[in-house]
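Heads up: the structure comes next, in structure tokens.
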Amino acid sequence: MRTEPLRFVALWVILGLLVAACAPVATPASPMAAPMPKPPEKVTIKLATWAGVEEAKELQEILDRLNAASDTYEIIQESSPAEYWTKLQTTIAAGTAADLMWV
Numbered sequence: 050m051r052t053e054p055l056r057f058v059a060l061w062v063i064l065g066l067l068v069a070a071c072a073p074v075a076t077p078a079s080p081m082a083a084p085m086p087k088p089p090e091k092v093t094i095k096l097a098t099w100a101g102v103e104e105a106k107e108l109q110e111i112l113d114r115l116n117a118a119s120d121t122y123e124i125i126q127e128s129s130p131a132e133y134w135t136k137l138q139t140t141i142a143a144g145t146a147a148d149l150m151w152v
């Protein structure tokens, strides 16, 4: 007589397993789109020169063409025809020197 309740429990366990096996498979969440990489920022390059007015104007025209052709850098001219060497030494000592220098 004891086997009757055991059969009843076994039947419910088997039915539960069958129902669980027939359940629809959960679909995985759609993967998130990878974030678009930001375009690299332009690097600013400082060019220290002792160019006078005319020479600085000619150099600036060349730099403008170079800058227009580049997506990665921009060259900025810092011209100081008077006291160039003094300014150069001062900016180097202060840690704010140009990246490129006429020497």
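Read in order, the letters of the sequence shown are residues 50 to 152 in my numbering. Just so it is clear, CB atoms sit at the ideal spot from N, CA and C, and this is done for glycine as well.
{"Asked": "Can you tell me which of the three DSSP states Lys-136 falls into?", "Found": "helix"}
{"Asked": "Determine the direct distance from the alpha carbon of Leu-108 to that of Gly-144, and round the result to whole angstroms.", "Found": "25 Å"}
{"Asked": "With a threshold of 8 Å, are at least 3 pairs of Cβ atoms found where one atom belongs to the segment 132-144 and the other to the segment 82-93?", "Found": "no"}
{"Asked": "Out of Lys-106, Pro-54, Ala-117, Ala-146, which has the shortest C-alpha to C-alpha gap to Tyr-133?", "Found": "Ala-146"}
{"Asked": "Could you tell me which of Met-81, Lys-95, Ala-59, Lys-91 sits nearest to Asp-120, measuring between CA atoms?", "Found": "Lys-91"}
{"Asked": "So which of Lys-95, Gln-126, Asp-148 has the shortest CA-CA distance to Glu-104?", "Found": "Gln-126"}
{"Asked": "Tell me which same chain residues have a C-beta within less than 6 Å of the C-beta of Met-150, skipping the five on either side of it?", "Found": "Ala-97"}
{"Asked": "In this structure, how does DSSP classify Val-152 when only helix, strand and coil are distinguished?", "Found": "coil"}
{"Asked": "Since I believe Thr-76 is in contact with Glu-123 (beta carbons under 8 Å), could you give me their beta-carbon distance rounded to a whole number of angstroms?", "Found": "Rounded, the Cβ-Cβ distance is 49 Å, inconsistent with contact."}
{"Asked": "CB-CB under 7 Å to Leu-115, same chain, minus the five flanking residues each way: which ones, in chain order?", "Found": "Ile-124"}
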